[in-house]
Structure formats: structure tokens, C-alpha cells
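Novice: Protein chains in written order, with this note's numbering: chain L, 263 to 405; chain Y, 11 to 131; chain E, 20 to 189. Beta carbons: idealized from backbone N, C-alpha and C, even for Gly. It should be emphasised that the depicted structure is a prediction, and the values quoted were computed from it without experimental measurement. This structure is in C-alpha cells; I'll ask about it shortly.
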Amino acid sequence: MRRDIVLRVIAKLLIPFMLLFALYVQFHGDLGPGGGFQAGVIIAASIIFYTIIFGLPEARRLLPEWIVETMVASGVLIYAGVGVLGILLGGNYLDYFVLDHDPVHGQHRGIFWIEVGVAVTVSGVMLKIFYMFAGRRRDEDNG
Amino acid sequence: MSLASHYSYWVTIFLMIAGLYIVIARGNLVKKLIGLGIFQTSVYLLYIAPGKLIGGTAPIVAEGFRTYSNPLPHVLILTAIVVGVATLALGLAIVVRIREAYGTIEEDEILAQDRREEEQV
Amino acid sequence: MMAIVVLAMINQRNLFAVVVLGGIYSFLMATVLVALDAVDVAMTEASVGAGISTVLLLGALYLTRGEEAKHAPRRLIPLVVSIAVGLALVYGSLGLPAFSDPKAPIHTHVVPRYLNDTLKETGVPNAVTSVLASYRGYDTLGETTVVFTAGAGVIALLRRRRRVREEDDK
Numbered sequence: 263m264r265r266d267i268v269l270r271v272i273a274k275l276l277i278p279f280m281l282l283f284a285l286y287v288q289f290h291g292d293l294g295p296g297g298g299f300q301a302g303v304i305i306a307a308s309i310i311f312y313t314i315i316f317g318l319p320e321a322r323r324l325l326p327e328w329i330v331e332t333m334v335a336s337g338v339l340i341y342a343g344v345g346v347l348g349i350l351l352g353g354n355y356l357d358y359f360v361l362d363h364d365p366v367h368g369q370h371r372g373i374f375w376i377e378v379g380v381a382v383t384v385s386g387v388m389l390k391i392f393y394m395f396a397g398r399r400r401d402e403d404n405g
Numbered sequence: 011m012s013l014a015s016h017y018s019y020w021v022t023i024f025l026m027i028a029g030l031y032i033v034i035a036r037g038n039l040v041k042k043l044i045g046l047g048i049f050q051t052s053v054y055l056l057y058i059a060p061g062k063l064i065g066g067t068a069p070i071v072a073e074g075f076r077t078y079s080n081p082l083p084h085v086l087i088l089t090a091i092v093v094g095v096a097t098l099a100l101g102l103a104i105v106v107r108i109r110e111a112y113g114t115i116e117e118d119e120i121l122a123q124d125r126r127e128e129e130q131v
Numbered sequence: 020m021m022a023i024v025v026l027a028m029i030n031q032r033n034l035f036a037v038v039v040l041g042g043i044y045s046f047l048m049a050t051v052l053v054a055l056d057a058v059d060v061a062m063t064e065a066s067v068g069a070g071i072s073t074v075l076l077l078g079a080l081y082l083t084r085g086e087e088a089k090h091a092p093r094r095l096i097p098l099v100v101s102i103a104v105g106l107a108l109v110y111g112s113l114g115l116p117a118f119s120d121p122k123a124p125i126h127t128h129v130v131p132r133y134l135n136d137t138l139k140e141t142g143v144p145n146a147v148t149s150v151l152a153s154y155r156g157y158d159t160l161g162e163t164t165v166v167f168t169a170g171a172g173v174i175a176l177l178r179r180r181r182r183v184r185e186e187d188d189k
């Protein structure tokens, strides 16, 4: 599919918009439908789209395996870290009120960071699973 | 109790038994996983349909709206959808490994191979 | 319409067609969810069900080369069992509250507090996000961990053992 010029051009036009839409969904989860999960899935879907059109080695050059694996773990760590931050600042675990001078702003910060954590983990896991499925050759005798 | 008031439950139950039938009655492992997915989506309907209030709107608080549909089932089902796709991914990984180990993904053939190995031992 | 798609999925033997029908089914489900005012859930179901699930199923089909085998002699028992379960469930559902009943228990317990206080306590108008991230944030931590575990599980199952092969070559 690398040689089919229509697909390549359309992919190059669409993928930035898909990523932008994912960011929009992520940050507007407060005001409209959206939030971390949907944004993570849309990010993964756009990179999968890129992989389907341009091939797995290209995608591996763009997002090497170690970055994806780090994303998988760091999202959960960010989430748990927000909770621990709540303890360090004097409240309970995952308490947002103590994160800022004003409880409502604390809620905003807390919600923002955990949505980021969720999006990073979800997109990392979906992408990693796709890499594993796509990188495995058929009928090969593997361990 | 009229027909219309419980219609949503019957649609849910129909999808549920369709998914259940695929899981029990078909031998291909990938098709079983798809049937499990249908079963899961029927459970989403089961939770969300009772949450809807006719005349209400999506549970985003805004000026000018009075009644909102219930947000609590939405939260539970959001979690359930993501867990469902995680389960599907793990199930498919196991199916790929089974295929490499047995050479087939039909349930009958896998069980036959296992029985043959047991008899040889 | 969803019933027709599901019945077609049951009887189709070509697995590629079944996967495509699954994608159609997910989109129809997302439309139904929008009609039921569940916009967050609809967005998630559309992207996850019709996007990621279809991609993963196609990847697995490519790796396992699927055509469903010819039918074994049609046993009647699974059909009978399914229909019996269905009838039992229909009988059970008669006791459930009618569709869109404002006095049903799920509307009266803790939800009015969530809807009324979400702007005051969290400053977030989307009640679903505020419940997910703030009121029930601990559950979302558990869910993120489940997603992480699934990723780790797939890595563990499908990782290739390069070291074993090098020893064989020696």
C-alpha cells in the first residue's frame, strides 16, 4: 500500500487532524463528551492507520517499541502518582482538594492529570497490542 | 404493564441469548470470542436503557436544561467497554498461541488432539 | 436492524464477513446509545468496538487463517438451552421498572447529589467525567490497571524468544 498514491496522500492529510481531534476530545472531556479513554483510543487508531498505509518498519521508526512500552507503564504511574501526591500534601489518597489553594481548582488539576494518565496508558496498550499482532509472522514456530 | 414499557429489556435479552448461543454452539474459537462481545454489548444496553428519562438530555449540566439522564450507568459502562476490549485482546492472543500449538482453532479438533495424546500416554 | 445483523453473524461461516458485520453491529449499538442520551458511552463504543476490536480481530484472523469448519451435525441442545435461558430472563424482567420511570431506584439514591453538586464541588459540567474521575476516581484507577495488565499479558503471550533460537543455531 506504500505505492498507492491516493491512500498515501489521504493518510498524510487525515492523520494530523485525527491526532488534533484526539487532543480536543481529551481536553474537552470536562465540557462535553470525551475524556481520557476516547482520546487514547483515537490516538492509537490514528497511529494504526499510519501503520496500515506505510508499513510496520516505518511506524517502528516513528514510535519505537521502547517508547510504546514506556507509555503503557507510565500512564498508570501518573495516575497512582496523583494519588500519592494527595497523601504527601496532607490529604487522603487521591484527594484532589489539597492539590491547590482552592478546592475547586484542585479538582481541576487532579482530573486533568488523571485523564492524561488514562489516555497515555490506553493508547500505549492498544498500540502495543497492535504492534505485537502485526509483527508476528504467520505459521512461524515460535517458542 | 404494556408492551412498550418493557421493550428495551426484551431487545437486551434477545441480544444476550444470541451471544450466548454463539458461544455455546459454535466451535470456532474466534467466533466464540465475537459472540462473547455481542453478549457484553447486550449488558451495556441492560444498564443504560433504564437510565434514560424521556424528555431528559445527556448528563452534561448546562443552562436551560432541567432533567438529565442518569450518569451513573454511563460511568460503569465506560469502564466495562474498555475492560471488554482488554479481554478480547488477551483472548485473541491466546487463540493465536493455540493455533501455533495445535494447528487449528476448531474446538472439536483441539479436543480430539488432546484425547489422542492422553491415550498415547 | 441490530437483530438482523446479529442473526447474519451467527449463520455466516466466512470469518472475515463476521468481523465486518461486527463492526456494523458496533456502530448500530453506538447509534442506539446516542438515542438513549449516553453520549460518552456512544463515543467510546464507536471508537473501541468498531475501531480497535475490528483491527485486532482482523490481525488475529490473519495469523490464524480462519474459515469456520463445516457444521458438525446440528445439535438441538444449545438452541433449546439458549431459548430456555431467554424465557427465564423475560420472566425475570417483568418485575423490573418500566422504561423511563422517574421513581425507579437508580434515579433516586445518590445520583441527584452527583447531578446537583458537580458544578459546585468539581467545577466540571460533564457529570460523567466528574463521577468517573473524581467521585469514583478509585474505580478508574482499577480500570487503568486492568488495561495495563491486559497489555502486559499480551506482551507475555506473544513475545518471541530470540534467545532460544540463537541457542538452537549454535
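Contact between the segment 26-46 of chain Y and the segment 388-396 of chain L: three or more CB pairs below 8 Å?
Specialist: no
Novice: Relative to the C-alpha of Ser-153 of chain E, which candidate in L:Asp-357, L:Asp-362 and L:Leu-325 has its C-alpha closest?
Specialist: L:Asp-357
Novice: Looking at C-alpha atoms only, which residue of Y:Pro-69, Y:Gly-101, Y:Ala-122 and Y:Leu-56 is the closest neighbour of Pro-131 of chain E?
Specialist: Y:Pro-69
Novice: Taking 8 Å as the threshold (beta carbon to beta carbon), is Phe-167 of chain E in contact with chain L?
Specialist: yes
Novice: Counting only Cβ pairs nearer than 8 Å, list the residues of chain L close to Met-62 of chain E.
Specialist: Val-287, Pro-295, Gly-296 and Gln-300
Novice: Examine chain E for any beta-carbon lying closer than 8 Å to the beta-carbon of Ala-122 of chain Y, and answer yes or no.
Specialist: False, the Cβ-Cβ gap to chain E never drops below 8 Å.
Novice: Over the uninterrupted alpha helix (DSSP H) stretch that includes Val-287 of chain L, give me the two end residues.
Specialist: Where Val-287 of chain L is concerned, the enclosing alpha helix (DSSP H) stretches over 267-289.
Novice: State buried or exposed for Phe-279 of chain L, treating a residue as buried only when at least 16 other CB atoms are found within 10 Å of its CB.
Specialist: exposed
Novice: Just by C-beta distance, which residues in the segment 323-337 of chain L are closer than 9 Å to chain E?
Specialist: Glu-331, Val-334, Ala-335 and Gly-337
Novice: Alpha carbon to alpha carbon, what distance is there between Leu-52 of chain E and Pro-407 of chain L?
Specialist: Residue 407 of chain L is absent from the structure shown; chain L starts at 263 and stops at 405.
Novice: Could you give the residue range of the alpha helix (DSSP H) that holds Val-147 of chain E?
Specialist: 146-149
Novice: Within its chain, find whatever has a CB closer than 6 Å to the CB of Thr-22 of chain Y; leave out the 5 residues flanking it on each side and keep chain order.
Specialist: Cβ within range, chain order: Ser-52, Leu-55 and Leu-56.
Novice: Between the segment 57-76 of chain E and the segment 93-101 of chain Y, can you find at least three pairs of beta-carbon atoms closer than 8 Å?
Specialist: Yes, since at least three Cβ pairs between the segment 93-101 of chain Y and the segment 57-76 of chain E fall closer than 8 Å, the two stretches touch.
Novice: Output, in sequence order along the chain, the residues in the segment 141-166 of chain E whose CB is closer than 8 Å to any CB in chain B.
Specialist: In the structure shown, chain B cannot be found, because the protein chains are L, Y and E.
Novice: Mind checking Val-271 of chain L: buried by the 16 CB within 10 Å criterion, or exposed?
Specialist: exposed
Novice: Assign Tyr-358 of chain L to one of three DSSP states: helix, strand, or coil.
Specialist: Tyr-358 of chain L falls in the coil class under three-state DSSP.
Novice: Verify the CB distance criterion: does Asp-187 of chain E have a CB-CB separation below 8 Å to chain L?
Specialist: Residue placement at Asp-187 of chain E cannot be trusted, given a pLDDT of 46 that sits under 50; what the coordinates show is reported in the next sentence. No - not a single Cβ of chain L is within 8 Å of the one on Asp-187 of chain E.
Novice: Is the CB of Lys-42 of chain Y under 8 Å away from at least one CB in chain E?
Specialist: no
Novice: How many angstroms separate the CA atom of Ala-54 of chain E from the CA atom of Arg-125 of chain Y?
Specialist: 51 Å
Novice: Is the closest heavy atom of the ligand COA to the C-beta of Arg-132 of chain E under 7 Å?
Specialist: As for the ligand COA, it is missing from this structure, which has no ligand bound.
Novice: Taking 8 Å as the cut-off, decide whether the C-beta atoms of Thr-332 of chain L and Ala-321 of chain L are in contact.
Specialist: no
Novice: Given Asp-364 of chain L, which residues of its chain have a CB within under 8 Å of its CB, disregarding the five upstream and five downstream residues?
Specialist: none
Novice: Taking a contact to mean a Cβ-Cβ separation below 8 Å, would you say Val-71 of chain Y touches Leu-151 of chain E in this structure?
Specialist: no
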